[in-house]
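The sequence shown lines up with residues 1 to 252 when you count with my numbering.
All C-beta atoms in this analysis are idealised placements derived from N, C-alpha and C, irrespective of residue type, glycine included.
Contents: one structure, followed by commentary.
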Amino acid sequence: MPTRHAQEAIVLLARSAIAAAPLQEMERFRKLLAESQGRDVVVAFTEQGRPSLRDALVGLHRRGIATAVVIAMALPFEPSMVPSLTRSLKRWSAAGSPLPTVRLVPLLQRDDAALAALCAALDHAPVQLDPDGIKPAEGSLVPAQKRRVLVCMGGPCVAAGAETLWGHLRNEQDRLKLRARGDGTMSAKTSCLGPCNLAPVIQVWPEGTYYAGLDEHDLDRVIAEHLLAGRPVNDLAYEATGAKQVLRPRRL
Ligand code: FES
Numbered sequence: 001m002p003t004r005h006a007q008e009a010i011v012l013l014a015r016s017a018i019a020a021a022p023l024q025e026m027e028r029f030r031k032l033l034a035e036s037q038g039r040d041v042v043v044a045f046t047e048q049g050r051p052s053l054r055d056a057l058v059g060l061h062r063r064g065i066a067t068a069v070v071i072a073m074a075l076p077f078e079p080s081m082v083p084s085l086t087r088s089l090k091r092w093s094a095a096g097s098p099l100p101t102v103r104l105v106p107l108l109q110r111d112d113a114a115l116a117a118l119c120a121a122l123d124h125a126p127v128q129l130d131p132d133g134i135k136p137a138e139g140s141l142v143p144a145q146k147r148r149v150l151v152c153m154g155g156p157c158v159a160a161g162a163e164t165l166w167g168h169l170r171n172e173q174d175r176l177k178l179r180a181r182g183d184g185t186m187s188a189k190t191s192c193l194g195p196c197n198l199a200p201v202i203q204v205w206p207e208g209t210y211y212a213g214l215d216e217h218d219l220d221r222v223i224a225e226h227l228l229a230g231r232p233v234n235d236l237a238y239e240a241t242g243a244k245q246v247l248r249p250r251r252l
């Protein structure tokens, strides 16, 4: 092993991998790199999967690794990953986790050839992340609004028109000044809310009421009756019953 790499390791960073096939692919890339680079190579995940990036970096530091070259494998590479990772490093260090210095490089294509090309440039391509260079953020108001409308943007809901529904909600929220009326309503897109076969699905808090199979007319009723008058719209709502449900027949 070349001595200048003795305190340097490579971290293969993916977004998430819990199924067998993506895990096997990560392990194959890890072995390829370990053989060609002659330095420690570990895998880590930014979302679901173990180890997390934090755990992987802490583990490397404990083993005396001074520099971690992180290869970002999530495609397409999001430039926001640089500030996001830098802030995470700062937070983890402030919480008392000593970490190696981190250098980041994106993999632009997820195949063996792209990995080989990246390896050839590995000594000069990565950007060093600088947690000490982060300026404190400006202040923000904590919203006083008590209501939230979550609009599911999972695949089945998008296929059922969730984006159009979202646009209608946002336009009405603006037109009717919903943030400032009643308990005040804010809205947010979410990942899957659960009952995908009832798409499109929204959920209104603080009651947690599920509404499903909505169109714009239905949403107008939810706005008028639930968000503004505080009465859930029972004929559009779906309650947890412990059994599978289908959409109720539509009115003509
Ligand atoms: S995708 Fe919307 S509820 Fe699952």
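Rounded Cβ spacing between residue i and residue j (contact assumed at less than 8 Å)
| i | j | result |
| --- | --- | --- |
| residue 201 | residue 212 | 5 Å |
| residue 42 | residue 11 | 6 Å |
| residue 309 | residue 128 | The shown model of the chain, from 1 to 252, leaves out residue 309, and the question about it has no answer. |
| residue 67 | residue 7 | 7 Å |
| residue 93 | residue 131 | 6 Å |
| residue 233 | residue 222 | 6 Å |
According to DSSP, residues forming a beta bridge with residue i
| i | result |
| --- | --- |
| residue 72 | 13 and 106 |
| residue 152 | 190 |
| residue 147 | 185 |
| residue 101 | 67 |
| residue 209 | 204 |
| residue 128 | 103 |
| residue 111 | Answer by DSSP bridge pairing: none, since residue 111 is not bridged. |
| residue 42 | 11 |
| residue 52 | 45 |
| residue 237 | 211 |
Sub-9 Å separation of residue i and residue j beta-carbons
| i | j | result |
| --- | --- | --- |
| residue 184 | residue 178 | yes |
| residue 16 | residue 47 | yes |
| residue 146 | residue 206 | yes |
| residue 266 | residue 65 | Limits of the chain in this structure are 1 at one end and 252 at the other, which puts residue 266 out of reach. |
| residue 165 | residue 220 | no |
| residue 193 | residue 154 | yes |
| residue 160 | residue 199 | yes |
| residue 22 | residue 34 | no |
| residue 151 | residue 162 | yes |
| residue 229 | residue 182 | yes |
| residue 18 | residue 38 | no |
| residue 53 | residue 100 | no |
| residue 156 | residue 197 | yes |
| residue 75 | residue 32 | no |
| residue 98 | residue 134 | no |
| residue 126 | residue 142 | no |
| residue 255 | residue 191 | The structure shown has nothing for residue 255, since the chain only spans 1 to 252. |
(request) Pair every Cβ in the region 71 to 91 with every Cβ in the region 118 to 131, then say whether three or more of these pairs are closer than 8 Å. (result) yes
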